[in-house]
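In what follows, a structure is listed as structure tokens, so that the remarks can point back to it.
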Amino acid sequence: MPAVSKGDGMRGLAVFISDIRNCKSKEAEIKRINKELANIRSKFKGDKALDGYSKKKYVCKLLFIFLLGHDIDFGHMEAVNLLSSNKYTEKQIGYLFISVLVNSNSELIRLINNAIKNDLSSRNPTFMCLALHCIANVGSREMAEAFAGEIPRILVAGDTMDSVKQSAALCLLRLYKASPDLVLMGEWTSRVVHLLNDQHMGVVTAAISLITCLSSKNPDEFKTCVSLAVSRLSRIVSSASTDLQDYTYYFVPAPWLSCKLLRLLQCYPPPEDGAVKGRLVECLETILNKAQEPPKSKKVQHSNAKNAILFEAISLIIHYDSEPNLLVRACNQLGQFLQHRETNLRYLALESMCTLASSEFSHEAVKTHIETVINALKTERDVSVRQRAADLLYAMCDRSNAKQIVAEMLSYLETADYSIREEMVLKVAILAEKYAVDYSWYVDTILNLIRIAGDYVSEEVWYRVIQIVINRDDVQGYAAKTVFEALQAPACHENMVKVGGYILGEFGNLIAGDPRSSPLVQFNLLHSKFHLCSVPTRALLLSAYIKFINLFPETKATIQEVLRSDSQIRNSDVELQQRAVEYLKLSSIASTDVLATVLEEMPPFPERESSILAKLKKKKGPGAVSVELEDGKERGELNGGGDRGGDAAIAASNASTPSPSADLLGLRSTAPASGATPSAGSLLVDVFSEAGPSATSAGVNDDGFLSSAPPTVASEDPAPPLPESDELLNKFVCKNNGVLFENQLLQIGIKSEYRQNLGRMYLFYGNKTSVQFVSFNTTVSCPGELQSQLNVQTKTVEPLVEGGAQVQQVINIECLTDFIDAPLLNIKFRYGGALQNISLKLPVTINKFFQPTEMAAADFFQRWKQLSQPQQEAQKIFKASHGMDTEVLKAKLLGLGTALLENVDPNPENYVCAGVIQTKAQQVGCLLRLEPNAQAQMYRLTLRSSKDTVSQRVCDLLAEQF
Amino acid sequence: MIGGLFIYNHKGEVLISRVYRDDIGRNAVDAFRVNVIHARQQVRSPVTNIARTSFFHVKRSNIWLAVVTKQNVNAAMVFEFLYKMCDVMASYFGKISEENIKNNFVLIYELLDEILDFGYPQNSETGSLKTFITQQGIKGQHQTKEEQSQITSQVTGQIGWRREGIKYRRNELFLDVLESVNLLMSPQGQVLSAHVSGRVVMKSYLSGMPECKFGMNDKIIIDKAGKGGVTNEAGKSTSGKQSIAIDDCTFNQCVRLSKFDSERSISFIPPDGEYELMRYRTTKDIILPFRVIPLVREVGRTKLEVKVVIKSNFKPSLLAQKIEVRIPTPLNTSGVQVICMKGKAKYKASENAIVWKIKRMAGMKESQISAEIELLPTNDKKKWARPPISMNFEVPFAPSGLKVRYLKVFESKLNYSDHDVIKWVRYIGRSGIYETRC
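Chains as they are written, first to last, in the UniProt record's numbering: chain Z, 1 to 962; chain W, 1 to 438.
Okay, here's the thing in structure tokens:
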């Protein structure tokens, strides 16, 4: 910028500014400004002609006033007039005012654009530059619309001055960043790329910024820039420090340009052309060589410039990741920096090494610096550097050094900065899991972790320990022993109690042989921590207690005592209270067999992505680097070995985890699957859902096709029953409550009770969406002859079902005579305008009207013989479709409604039952015999009743159940 | 209670800092500077809460006085104290300015020690303070024992505001009724709000320990007198029109409040020298000394014609003084032409107003100004808000209608009686915020 000449000094402006500066108070300043504004207004009055100098002076004053924070609502016209002046200073002030003060919707924008256009087309380079700067400074969409076409032309025109080209390139870059859709390079592309060959270094520097930005958006179009950039780079790198004159900065030739070139090359893969590649490699080698040379100057600027290029080169090498030689050299270079005096250099070296560590070529080289890095972790004064060191340790970890690194990180954790503790904990947990060769080491490490930094151990970490312990038989005993020992510490972290409670509850029996850890000792140990824990932990401990009852019957009395105490059974927390009550009841009512079933050992967890990994990925900020690293690392593992790590990586790539907290323990009393079940009876099952999938939720939800087949029939007529409705029916033969049907929109729950020949059924329609259902209507019909066999009365339901709400319908059923078919339930409603039409079979079967009859063996056989006519008997031999568990069979037979007769059949394996079916017309006695054959997995089912249709029907129904 | 008191100059530099309570740290000094004095947006509230600390401030010219506390103090008490402190300082060294404060800072600390103790306000009566805090620092040493004990007994005695044994050759008494009248009037001449706040300031040079009784035309007293059958012909004849209704009033500490409460009579032993006897406020039957009739006409986008007529509304024999009418001009004014018949008028660009000054004006007169304002067209579509025309003046009567009926002086021990005392009464009515919308 030309210096302001003496005549342009604008004394008035200087005086005004010094007046303002001397004002003692805000009020005085405002007074002075008001006075000045009035003065300027009187000068700008239409009838006076001002010369350029005064105009400039007043516009300057306005600008100054505006910058002080006052509103300026006039003077724009005068500023625009200044644009057409021929004097540089006047034009400059005009442009300054415009770029600071003119808003885009101003009416003056047309005038301004015109003036800019004039300047752009003038031959005067200074004016062109001013105009370009103004466009870039405003950078609005309007500006882009007006000039996006013009500027590329200026940029590539042969006769444009170098300084203008520079401005044009940067201006275009600005417009492109602001509104990329308006800047279309199209035909200019190749000519812009050729700017890299320009004689003038300044133009190249400006152009390369533009090209880097453009090529990151559409790399293909600018592919040709690679070879040009490489040759340019090699010319700079090989030049002596004096060759470039103005562009040599403290003996480093064109450092900014070099950095930009290297960065541009990072947008592209390694060049395919061998010659180009050779040249580039040569350049990179030269850069690395230069780093070894003694510095030409002691000045910090010299080393900064040199290192900037070096680091940019290293990131390019890492980006290419194909030159083992270079990678190793880069790594060694960084290794030198690790011990440099400059903290910034150490930081950068650690950061770059992190990326180097993920390369298969340099991984080993990075590992050689492990001592230095560990030292950095311990001794660095700057926390950000320590953080980087921790990242690097994490990145360089593999099987060979995992133990060392984990140990170091653990020991550092005790003194670590609070801000990075949580991340450190996650990293330790991941490394320990990933490289665990023997799982006792893993358990030790994690328990140590909880001991040292319990507050920072997130849920995911201890969930993961438990998952792994459950899934690995070989560590269970060791884990139980270790947690037992850990819990003996006088003060242990709540997370430790959680892990301890869970593991002892599951595997306490494995260490119960030792008198020092006898069941009662275990229990007392756990219970001594109980009162110190929060509610969720207490809930977990209660579950552990009930498991103890199962594992060690001798503790039953003690534990029941605890459960019965007021602090449990009358706890103000509803969750704890419920658990206490239910567990107490369960332990006192249920037989040992039932207990054993309910409190069975946890089944192994499905293999899935480590939830800790997911957590680490979620972490933002400095962790972001390590996230990418993580991915890269896993790839490395797949190639390099480490079978467990590989597994984890595969699991990570294809598994999607539902929320880890819900599935691990079911700590929240309503697990998602059963939460919607309306029946109260299933609540007990819900609470124990950890003990195995409950029959209720397994019943409907496991049928994948059911929930994925929304009813598509949209007619007003009742739709034909769903194909699976028969199957649904079968599910309810042996039980009265449960979920009848569920799809994306609707869930239907059933609760029913029968007495003699009468039944009452409650249907619960739950709207699963957030939108209300309109014209909701349900009908129950009895097709064909069923009409005469069954009397069904329904109450109508409300036509509106709000989103998330549930409506109830009562159905009264009277059985007139025996029947075969089931009544049909048709549901129609509109969901978001679309008619939904669903038909289902109501689970009303003949066996619902059974009255159990107890009888002695003699009685039974007498009656059995009485019903000896062939049509009175129905027999079926079929293969078992479920397990042949005694308890389950018994439960099903009881659910059928008959009485299960003990000690009747000479063969204790067989089951016999008796019952009377109550209909209005008659009573039908019914005898049943089920003979399981465990070897062949077959059953023989024989039914005898006084009515042939009943025998057949009940036999058919029952055969489906086993 | 008050935790500390700071005085800042306009730049926010601390001139005086006195901390009374331990809960106020040095950082409070900076907190006020940063958040109030140097606040980006002007702080208009006199009470600012910063980090559970309350700052109460008043500004005198370029000086900020700030009281800091962490407790829940009575804000009115704090401000009363601050005003009192300003009065005390002004009576010691005149105008409160940075220079004066710097020159008297030992004195100010001495005063602060006396008028605030552990954050509780103490005696702030200038007259009595001056007996033992003097600007001639060493003079104290020359005081006799007797004088010193006299000071002690006075300060700690029942009548802390007056010492015994005062003697004057001429017993004189000056009484000023100072009122400021506030008004907001609509362009059509409708009174939107009006009130008078007045003060009775006395200067007494009386010997001994006189007992004074002050009487004015308070409506309640006069009605009471009328009802009680004590026929006061003069009072009765004027009571219908000339009694005034006082909305609220406060008294100097010397006034016996119990007597006022029971008999509504104002009796007191006056301090020596100048003091403010009472403060009051009235809102009814206010005599508005001037009426402003504005006429504003916008001629196109670039011109504005303003005509303002003022009418004086009091006895023709009285003269109003220092009349100043301030007519706001739009923010895009580029030139003004003014014509006025009386006084001088000028466009003051720095204040965005035309200021019209008239030295004197008799009652029942009328005067007029007309101005043409040229405007610069702007691209701002904002309409001019038309701020009200304001006015300043001084009239030699009380706009509230207050009249001093008597001021009796009784001194039983010394041998002078009520009519030996020379009494002077003066009424001054000034404008407060006296505005008319246009």
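Heads up, the beta-carbon is just placed ideally off N, CA and C, and yes, glycines get one too.
Fair warning: this is a prediction, and the values are worked out from it, not measured in the lab.
- Query: By Cβ distance, which residues of its chain are closer than 6 Å to S54/Z, with the 5 residues on each side in sequence left out?
  - Reply: Answer for S54/Z: no residue qualifies.
- Message: Less than 8 Å between C-beta atoms, sequence neighbours within five positions excluded: which residues of the same chain meet that for L927/Z?
- Response: The residues are F860, R863, W864, L867, V912, C913, A914, L943, R944, S945.
- Task: Starting from I37/W, follow the alpha helix (DSSP H) in both directions and report where the run begins and ends.
- Result: From DSSP, I37/W is part of no alpha helix (DSSP H); its letter is neither H nor E.
- Message: Taking 8 Å as the threshold (beta carbon to beta carbon), is H57/W in contact with chain Z?
- Response: It does not; no Cβ of chain Z falls within 8 Å.
- Inter-residue spacing [alpha-carbon to alpha-carbon] between E857/Z and E902/Z: The sequence shown places Ala at residue 857/Z, not Glu. C-alpha separation (whole angstroms): 9 Å.
- What are the boundary residues of the alpha helix (DSSP H) that includes T445/Z? For T445/Z, the uninterrupted alpha helix (DSSP H) run begins and ends at 439–453, by DSSP.
- Query: Given residue 963/Z, which residues of its chain have a CB within under 6 Å of its CB, disregarding the five upstream and five downstream residues?
  - Reply: With chain Z covering 1 to 962 only, the question about residue 963/Z has no answer from this structure.
- Message: For F55/W, report the span of its beta strand (DSSP E) as first-last.
- Response: In the DSSP assignment, F55/W falls within the unbroken beta strand (DSSP E) covering 53–60.
- Task: Could you tell me if the beta carbon of R141/Z falls within a distance shorter than 7 Å of some heavy atom in the ligand SAH?
- Result: For the ligand SAH, the structure offers nothing, since it holds no ligand at all.
- Message: So, with DSSP's three-state summary, where would you put V177/W?
- Response: If DSSP states are grouped into helix, strand and coil, V177/W belongs with the strands.
- Item | Contact list for the stretch 339–352 of chain W against chain Z, Cβ threshold 7 Å | Within the stretch 339–352 of chain W, A349, S350, E351, N352 place their CB atoms closer than 7 Å to a CB of chain Z, listed in sequence order.
- Return no unless some Cβ of chain W is closer than 8 Å to the Cβ of F97/Z. Chain W contact via Cβ: absent.
- Using a C-beta cutoff of 8 Å, does D73/Z count as contacting chain W? At a cut-off of 8 Å between beta-carbon atoms, D73/Z makes contact with chain W.
- Run of the alpha helix (DSSP H) containing A874/Z, from where it starts to where it stops: DSSP places A874/Z in no alpha helix (DSSP H) but in the uninterrupted beta strand (DSSP E) bounded by 873–879.
- Item | Partners in chain Z for N62/W, counting only beta-carbon separations shorter than 7 Å | By Cβ distance, chain Z contributes K24, S25.
- Message: Using the three-state DSSP reduction, which class does I17/Z fall into: helix, strand or coil?
- Response: DSSP places I17/Z in helix when its eight states are reduced to three.
- Task: Report the rounded CA-to-CA distance for I422/W versus I159/W, giving the unit in angstroms.
- Result: If I take the Cα positions, the gap works out to 24 Å.
- Query: Using 8 Å as the limit for Cβ to Cβ distance, is N392/W near chain Z?
  - Reply: It does not: the Cβ of N392/W has no partner Cβ on chain Z nearer than 8 Å.
- Task: Spell out whether any CB of chain W is found under 8 Å from the CB atom of S42/Z.
- Result: Interface with chain W (8 Å Cβ-Cβ cutoff): S42/Z is included.
- How about S97/W and I63/W: are their beta carbons less than 8 Å apart? Their beta carbons are under 8 Å apart, which means S97/W touches I63/W by this criterion.
- Message: Strictly below 7 Å CB to CB, what residues from chain W border A38/Z?
- Response: Proximity of chain W to A38/Z at the Cβ level (cut-off 7 Å) is accounted for by T333, A349, in chain order.
- Output the distance between the C-alpha atoms of V252/Z and H76/Z, rounded to the nearest integer angstrom. Between V252/Z and H76/Z, the alpha-carbon positions lie close to 47 Å from each other.
- L68/Z to I17/Z span [Cα, whole Å]: Cα to Cα, L68/Z sits roughly 11 Å from I17/Z.
- Query: What number of angstroms, rounded off, separates the C-alpha of W161/W from the C-alpha of Y83/W?
  - Reply: W161/W and Y83/W have their C-alpha atoms spaced approximately 18 Å apart.
- Enumerate in chain order the residues of its own chain whose CB-to-CB distance from N104/W is below 6 Å, with the five nearest sequence positions on each side excluded. Around N104/W: F93.
- Can you pull the DSSP bridge partners for H419/W? The secondary-structure analysis by DSSP pairs H419/W with nothing; it has no beta-bridge partner.
- Message: Determine whether the beta carbon atoms of L310/Z and I317/Z lie at a separation below 8 Å.
- Response: Not a contact, by the Cβ cut-off of 8 Å.
- Message: For the alpha helix (DSSP H) containing D248/W, name the first residue and the last one.
- Response: Boundaries for D248/W: no alpha helix (DSSP H) harbours it, while the beta strand (DSSP E) harbouring it runs 248–251, taken from the DSSP string.
- Own chain partners of C213/Z with C-beta closer than 8 Å, once the 5 adjacent residues on each side are dropped: Excluding residues within five positions, the ones whose Cβ falls inside 8 Å are L173, Y176, K177.
- Task: Find out if the Cβ-Cβ distance for the pair S258/W, R326/W is shorter than 8 Å.
- Result: No, the pair does not count as a contact, with Cβ atoms beyond the cut-off.
- What does T942/Z pair with, by DSSP beta-bridge criteria? Answer is Q875/Z, R929/Z, bridged to T942/Z.
- Task: Using DSSP bridges, identify the partner residues of A914/Z.
- Result: In the DSSP output, where bridge partners are listed per residue, A914/Z has A899/Z, L927/Z.
- Message: Please return the same chain residues whose Cβ sits closer than 7 Å to the Cβ of S400/W, not counting the five positions on each side in sequence.
- Response: Excluding residues within five positions, the ones whose Cβ falls inside 7 Å are E179, V196, G198, I244, T282, I286.
- Could you check where the alpha helix (DSSP H) with M424/Z kicks off and where it finishes? Its alpha helix (DSSP H) spans residues 418–434.
- Message: Quick check on this structure: which residue in G157/W, P187/W, E394/W has the alpha carbon closest to the alpha carbon of A320/W?
- Response: In terms of Cα proximity to A320/W, the closest of G157/W, P187/W, E394/W is E394/W.
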